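Take the position in the sequence shown, starting the count at 1, then add 5; the result is the number in the working numbering. From the three backbone atoms N, C-alpha and C, an ideal C-beta is built for every residue, glycine too. Keep in mind that this is a model prediction, so the values were computed, not measured. Taking it in order: structure first as structure tokens, then the write-up.
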Amino acid sequence: MGIIGYRIEKIEAKSGNKIEGEIKIASSLPKIEKIEEKKLNIGGVETNILGIKFSYNVNYEPIKGKIGISGELLYTTEDTKEITENWKKDKKLDKKIALPILNYILKKCVMQSIKIAEDLQLPPPIKLPEFTVKN
């Protein structure tokens with residue numbers, strides 16, 4: 006059971022207007038858009054897996070800057086049918102797998118958005134550690 010693949014399908018980014026004054030950065034949590042059952046050949050054995058579509062966004066105001074990332078995570082579990090049926094019914098992901106999946110997506114998207122922000126000369130979407138001088 007676990008994450009067996011991750012792929013970014015789309016990146017949308019714009020630097021927005023000229024930076025003047027204070028910028029408010031609003032970074033979303035990853036959003037699960039869709040979960041579907043898929044078949045994948047793993048070691049010569051056809052296996053049922055979950056294809057989990059996700060999105061992640063960072064908005065910069067008031068300059069209208071934006072970073073949007075969407076993709077798919079592949080997850081193997083014995084409960085693919087149950088998980089997909091529950092998703093279709095109430096759009097919720099079981100807590101036992103939600104935490105590792107969302108944390109993985111968050112880490113990957115934050116790292117990618119830091120690179121994109123640097124390329125667009127925007128502030129990073131999270132506070133980065135800094136050295137300070139101790140008196």
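Thinking LYS58 and GLU38 are a contact (beta carbons under 8 Å), I'd like their distance in whole angstroms, please.
-> 4 Å
Spatial neighbours of THR81 within its chain, please: CB distance less than 7 Å, with the 5 preceding and 5 following residues excluded, ordered by chain position.
-> MET6, GLY7, ILE9, THR52, ILE54
Near PRO105, which residues of its chain fall below 8 Å by C-beta distance, leaving aside the five closest residues on each side in sequence?
-> GLY7, ILE8
Can you list, in chain order, the residues of its chain whose CB lies under 7 Å from that of ILE119, leaving out five sequence neighbours each side?
-> PRO129, PRO130
Are the segment 43 to 51 and the segment 90 to 101 touching by the rule of at least three beta carbon pairs closer than 8 Å?
-> no
If you follow the beta strand (DSSP E) that GLU51 is part of, which residue opens it and which one closes it?
-> 50 to 66
Neighbourhood of GLY26 by C-beta, 6 Å cutoff - its chain only, sequence neighbours within 5 removed | none
Could you have a look at LEU107 and say whether DSSP puts it in helix, strand or coil?
-> helix
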